[in-house]
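Heads up, the thing below is written out as structure tokens.
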Amino acid sequence: MSVTAKPNYVIRNIRLSDCDEVRDIWRSVGFGIVKYANEVMINLDPNGIFVVEDTDSGKLLGYVAAVNLSDDLAFIGGYCVRPDYRGHGIGQKLWNTGMAHMGDRNVGLFAFTVKMFEIYRDHHNFKCIPDRYLHHFRGQFNPCIDIINEMAGISVVAITDANVSAVVEYDKAIGGLDRRVMISGFAKTPGDISLVAVNERNEVLGYSFLLQTVND
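Here full-length UniProt numbering is used: position 117 in the sequence shown is 117, and no number is missing along the way.
Given below as structure tokens:
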């Protein structure tokens with residue numbers, strides 16, 4: 001049932017103690033976001049993740065991550081308001097707060113629905129990059145015990161403190177961005193799998209994360 005009376009609320013930065021409730025918000029809107037994203041991203045830009053808190057009940061009503069990745073690049077994601085609390089202008093104020101934090105940086109995002117894609121494109125002037133896709137697969141995660149973990153001269157091993165710097169440098173060479181906080185953080189999240197392919201000289205050839213989502 002929708003809440004008809006406009007709630008009293010504040011928009012503030014997320015705290016670690018909010019993370020479980022934020023996951024509940026994501027589930028309420030059907031987002032398949034990485035389960036421990038906030039625990040990692042809060043270390044990258046602690047002032048760039050915002051929640052809406054009902055000042056009477058303490059309940060969290062909405063969320064947006066507007067994370068500054070560098071001096072000229074930012075990412076906005078997870079933007080949502082609980083369905084029962086829509087129609088009160090909460091989402092617009094939340095959006096404006098995130099955009100103000102990112103300033104004049106180049107901002108990227110992914111749209112989870114066609115409707116949101118059209119809103120970002122038509123109302124917020126985001127440009128679509130038609131040859132880039134993010135594929136979502138749903139289902140039970142059952143890693144095969146017979147998975148290949150070695151080829152001639154190439155081994156697949158876990159990302160650890162011993163090799164994470166090499167993974168970061170490889171990633172930086174490919175993408176041009178230092179993502180040490182994210183790579184190191186996701187490599188240590190509980191229940192996730194992080195792998196790196198190395199050759200006989202221990203040079204990084206590629207890496208991968210298998211991360212739980214809030215729906216797992």
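Backbone N, C-alpha and C fix where the C-beta goes; we use that ideal spot for every residue, glycine too.
Compute the Euclidean distance between the alpha carbons of Y79 and G153, then round it to the nearest angstrom.
The residue labelled residue 79 in the question sits at position 79 within the sequence shown. The residue labelled residue 153 in the question sits at position 153 within the sequence shown. Going by the C-alpha atoms only, they are around 44 Å apart.
Find the nearest neighbour of N13 within the set K35, G48, P7, judged by alpha-carbon distance.
Here residue 13 refers to the residue found at position 13 when the sequence shown is read from its first residue. Ranking K35, G48, P7 by Cα distance to N13 puts G48 first.
Report the option in A173, S184, I174, Y170 whose CA atom is closest to the CA atom of D161.
The residue you call residue 161 lines up with position 161 of the sequence shown. The shortest C-alpha separation from D161 is found at S184.
Take the Cβ of K115 as the centre, count every other Cβ of all protein chains shown within 10 Å, and call the residue buried at 16 or more, exposed below.
For the purposes of this step, residue 115 is taken as the residue at position 115 of the sequence shown. Exposed: under 16 other Cβ atoms inside 10 Å.
How long is the line joining the alpha carbons of H123 and Q92, rounded to whole angstroms?
Taking the first residue of the sequence shown as 1, we reach residue 123 at position 123. Taking the first residue of the sequence shown as 1, we reach residue 92 at position 92. Going by the C-alpha atoms only, they are around 12 Å apart.
Determine, using beta carbons only, whether I90 and Y9 come nearer to each other than 8 Å.
Counting from 1 along the sequence shown, the entry for residue 90 is found at position 90. Counting from 1 along the sequence shown, the entry for residue 9 is found at position 9. The answer is yes: Cβ separation under 8 Å.
Give me whichever residues DSSP pairs with N68 in a beta bridge.
For this step, residue 68 is matched to residue 68 along the sequence shown. DSSP output for N68 lists A74 as bridge partner(s).
Exposed or buried, E200, counting other C-beta atoms within 10 Å across all chains shown (16 or more means buried)?
As a first step, residue 200 is located in the sequence shown; it is residue number 200 there, counting from the start. E200 comes out exposed.
Using 10 angstroms around the beta-carbon of R23, count the other beta-carbons present and answer buried if the total reaches 16, otherwise exposed.
Locating residue 23 in the sequence shown gives position 23, where the first residue counts as 1. Result: buried.
In three-state terms, what does DSSP make of V22?
Position 22 of the sequence shown, counted from the start, is the residue given in the question as residue 22. Looking at V22 - three-state DSSP - the assignment turns out to be helix.
Sorted by chain position, which residues of the same chain lie with C-beta nearer than 8 Å to K127's C-beta, five sequence neighbours on each side aside?
Within the sequence shown, residue 127 is the residue found at index 127, counting from 1. The answer, listed in chain order, is R121.
Relative to the C-alpha of A100, which candidate in F50, G30, F31 has its C-alpha closest?
As a first step, residue 100 is located in the sequence shown; it is residue number 100 there, counting from the start. With distances taken between Cα atoms, A100 lies closest to F50.
Among I119, F110, G139, which one has its Cα closest to the Cα of P130?
One-based indexing of the sequence shown puts residue 130 at position 130. If we check each option's Cα against that of P130, F110 comes out closest.
To the nearest angstrom, how far is the alpha carbon of V52 from that of N202?
Sequence index remark: in the sequence shown, residue 52 carries index 52 (1-based). Sequence index remark: in the sequence shown, residue 202 carries index 202 (1-based). Each residue's alpha carbon lies about 46 Å from the other.
Smallest Cα separation from A74: which of L94, G98, D54?
As a position in the sequence shown, residue 74 is number 74, starting the count at 1. Per the Cα distances, G98.
Between which two residues does the beta strand (DSSP E) harbouring G108 extend?
Along the sequence shown, read from residue 1 onward, the residue named residue 108 stands at position 108. Counting along the chain, the beta strand (DSSP E) containing G108 begins and ends at 106 to 108.
Excluding the five sequence neighbours on either side, which residues of its own chain have a C-beta within less than 7 Å of the C-beta of I11, listed in chain order?
As a first step, residue 11 must be located in the sequence shown, where it is residue number 11. Correct list, in chain order: F50, V52, K93, L94, T97.
Does the separation of the CB atoms of V214 and V204 fall below 8 Å?
Residue 214 sits at position 214 when you count from the first residue of the sequence shown. Residue 204 sits at position 204 when you count from the first residue of the sequence shown. No; because the gap between Cβ atoms is not below 8 Å, this pair is not in contact.
Taking just the CA atoms, how far does S2 sit from V34?
The residue labelled residue 34 in the question sits at position 34 within the sequence shown. The residue labelled residue 2 in the question sits at position 2 within the sequence shown. Computed Cα separation, rounded: 27 Å.
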